[in-house]
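A quick write-up on the structure given underneath.
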Amino acid sequence: MSEAYESKKVSSRRGDPKKGAQAHKNAYAFHANKSSKITKKIALMPVGGLCEKCVEVIMWRKKFKKYKPLSQMKKCVTCEQRAIKDAYHVMCTKCAGEKNVCAKCQESREIVPTNIKTEKELVQEQVELERLLSGMNERERRSYIRQMERKTKKGEDDEDNEAKDKEEGSDDDEDEDDEDEDSDEDEDSEDEKK
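So the number in the working numbering is just where the residue sits in the sequence shown, counting from 1, plus 6.
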């Protein structure tokens, strides 16, 4: 009778007994359509009030076109008010700030600072820029605008160049050592001539 109640071992493996490589592999990496208005709009949306892990998740979603912005405001889980404007957040910025937690995962981790400017600050900057430009003549105005454009382009290029510099950093150090040795040899030869 005890044999009837014994548990039977069942295989947890399904399907083909042979385990192989994955069936579907991408031939090339995914790149979102950069000229798309929706992609540009989503990329410009600020990510704020989140921990580092959640920021990375949101940035991944934006990069691979998985980010879906909210069409209307969402209800906060703590104050029950329709105050959430950002997708994937579960708490409004006010409640998350009071509790000092991430607005997405609700964990008390360090919040990543963001450079989110309010509409009032943007309008104020625009007014100051217009006031500054109105005091200049045409030539000065155009040169100032060109300099501003160069700074924005340089800022984008600097981020790309930093990664390249890190890779090439070890090569540069070797080159500098070679140059120092060459200059020492030149000085020795000049001393011998005298």
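A virtual CB, placed ideally from N, CA and C, is assigned to each residue, including glycine.
Grouping DSSP H, G and I as helix and E and B as strand, with all else coil, what is residue 115?
Residue mapping note: residue 115 aligns to position 109 of the sequence shown, counting from 1. The three-state reading of DSSP puts residue 115 in coil, since its state is none of H, G, I, E or B.
Residue range of the unbroken beta strand (DSSP E) whose run includes residue 89
Mapped onto the sequence shown, residue 89 falls at position 83. Residue range 88-90 is occupied by the beta strand (DSSP E) that includes residue 89.
Could you give the residue range of the alpha helix (DSSP H) that holds residue 45?
Position 39 of the sequence shown, counting from 1, holds the residue named residue 45. Taken as a continuous stretch (DSSP letters only), the alpha helix (DSSP H) holding residue 45 covers 43-50.
Could you check if residue 179 is buried or exposed, using at least 16 other CB atoms within 10 Å of its CB as the buried criterion?
Here residue 179 is taken as the residue at index 173 of the sequence shown, counted from 1. Summary for residue 179: the model assigns pLDDT 48, below 50, so the residue's position carries little reliability, and this model does not support an answer.
What does residue 57 pair with, by DSSP beta-bridge criteria?
By one-based count along the sequence shown, residue 57 stands at place 51. Residue 57 is bridged to 117.
Is it right to say residue 25 is buried, meaning 16 or more other beta carbons lie within 10 angstroms of its own, or is it exposed?
Translated into the one-based positions of the sequence shown, residue 25 becomes position 19. That one is exposed.
Closer than 8 angstroms by C-beta to residue 70: which residues in its own chain qualify, once you throw out the five before and the five after it? Chain order, please.
Your numbering for residue 70 matches position 64 in the sequence shown. So the qualifying residues of the chain are 36, 38.
Coarse secondary structure for residue 80, derived from DSSP in three states:
Counted from its first residue, the sequence shown places residue 80 at position 74. In the structure shown, residue 80 sits in a strand (DSSP, three-state: E or B).
Own chain partners of residue 58 with C-beta closer than 6 angstroms, once the 5 adjacent residues on each side are dropped
The residue you call residue 58 lines up with position 52 of the sequence shown. In its chain, beyond the 5 residues on either side, 118 have a beta carbon closer than 6 angstroms to the beta carbon of residue 58.
Excluding the five sequence neighbours on either side, which residues of its own chain have a C-beta within less than 6 angstroms of the C-beta of residue 111, listed in chain order?
Counting from 1 along the sequence shown, the entry for residue 111 is found at position 105. Taking C-beta separations shorter than 6 angstroms and ignoring five residues to either side along the sequence, the partners of residue 111 in its chain run 60, following chain order.
Residue 110: first and last residue of the uninterrupted alpha helix (DSSP H) it sits in
Numbered from 1 along the sequence shown, position 104 holds the residue referred to as residue 110. Run containing residue 110: none; DSSP gives neither H nor E here.
Who are the near neighbours of residue 73 in its chain, counting only those whose CB is closer than 6 angstroms to its CB and skipping five residues on each side?
If you number the sequence shown from 1, residue 73 lands on position 67. Residues of the same chain with a CB within less than 6 angstroms of the CB of residue 73, apart from the 5 flanking positions on each side, are 48, 67 in chain order.
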